[in-house]
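Numbering (our numbering), first residue to last: -12 to 149.
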Amino acid sequence: MPPSLRLNAVAFISPQNQPILIRTYLKNGENAIKYHYIAHTSLDVIEERVAPAAKATECYLGLLYSMEDVAVYGYMTPLRVKIVLAFALSDSVVKDAEVNLIFKALHSAYYQAVANPFLKLDTPADATSDHSPHLLVGKNKWTTLRRRVDEISKLVGNPNSS
């Protein structure tokens, strides 16, 4: 990845539009709430682009919008989990192929975390329906996913990943 591509935040959002994981990569946590706002406002743009009845074959949604110093890109998995990336704006050209590659790596990390047979969701034992509402943000069960997201952020070239 080019060094000019700097990842500021990653957000995973459930099909019910509830945050699963929001990671920010800023010095001293400055403006972290801004990226929570960006993740939530990007949901409106994603819903506009994806018709509810349409079957999309492409998961990558491209550039959703840019504001101030951030460019926001979107991706929606076949199971309607949304991944939002916020990059710092720069003068260099950002190639869709590079951003799509990052999304595919994050998508793979998410499914590896969910496919873990030892991942215990907050669901009743007799529940056989959709478990997405039980995927709550910030829970300790997502340490593997957080670790993988941080590794991907470091590969992108973000020095602030911790």
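Idealized CB from N, CA, C, for every residue including glycine.
Item	Value
Buried/exposed call for Thr44, threshold 16 Cβ in 10 Å	exposed
Proximity below 8 Å, CB of Leu132 to CB of Leu8	yes
Length of the line joining the Cα atoms of Val(-3) and Leu50	14 Å
Contact between the stretch 81 to 100 and the stretch 21 to 39 (3+ Cβ pairs under 8 Å)	no
Cβ neighbour criterion (16 or more within 10 Å) applied to Ile20	exposed
Nearest neighbour of Val57, chosen from Arg36, Tyr22, Asn87 [CA to CA]	Tyr22
Where Met63 falls, given that 16 or more other Cβ within 10 Å makes a residue buried	buried
Whole-angstrom distance between Pro2 and Leu66, CA atom to CA atom	7 Å
From Gln5, Leu13, Glu34, Ser53, residue whose alpha carbon lies closest to that of Asp137	Leu13
Local Cβ density within 10 Å of Ala73, reported as buried at 16 or more and exposed below that	buried
Extent of the continuous beta strand (DSSP E) run through Val57	57 to 63
Boundaries (first-last residue) of the alpha helix (DSSP H) holding Leu13	From DSSP, Leu13 is part of no alpha helix (DSSP H); its letter is neither H nor E.
Span separating the alpha-carbon of Asn103 from that of Asn4	22 Å
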